[in-house]
Amino acid sequence: MSATHPSEAQLEAVLQAALYLLGARQDQMLTIKEWTDLARAVAACQERKTADYLTDRDLEDIAERYALDWDEATDGPLPALDEE
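In this text, residue positions in the sequence shown follow the numbering used here: the first is 203, and each later residue adds one.
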């Protein structure tokens, strides 16, 4: 049994579906971790930053509440936390 590899057209279809999903995001659809993982995959395919595919609110939540591994060189900047 030989391994088959997806065609460029198939990969493009998956990428377009992921882009559509990110564009149509609704709050209750997935966890922030799942959105971040999806955004990272799409960003890697398009040589962009993870932050380019997340909402401002997502980025604020990651900076304030979630202990996600975040590499600004790969993922992009997070908003600065307001220190009172």
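Using N, Cα and C, we set each Cβ at its ideal position, and we do this for glycine too.
Cβ-based burial, Tyr268 [other Cβ within 10 Å; buried from 16]: exposed
Contacting residues, own chain, Cβ-Cβ under 7 Å from Leu221 (five flanking each side not counted): Val244
Distance between Ala282 and Glu238 (C-alpha atoms, nearest Å): It is worth fixing the name first, because residue 238 is Thr in this sequence and not Glu. Each residue's Cα considered, the two are about 18 Å apart.
Beta-carbon proximity check, Thr252 vs Gly278, cutoff 9 Å: yes
Delimiting residues of the alpha helix (DSSP H) encompassing Leu280: Taken as a continuous stretch (DSSP letters only), Leu280 belongs to no alpha helix (DSSP H), as it is neither H nor E.
Ala241 burial status per 10 Å Cβ neighbour count (16 or more: buried): buried
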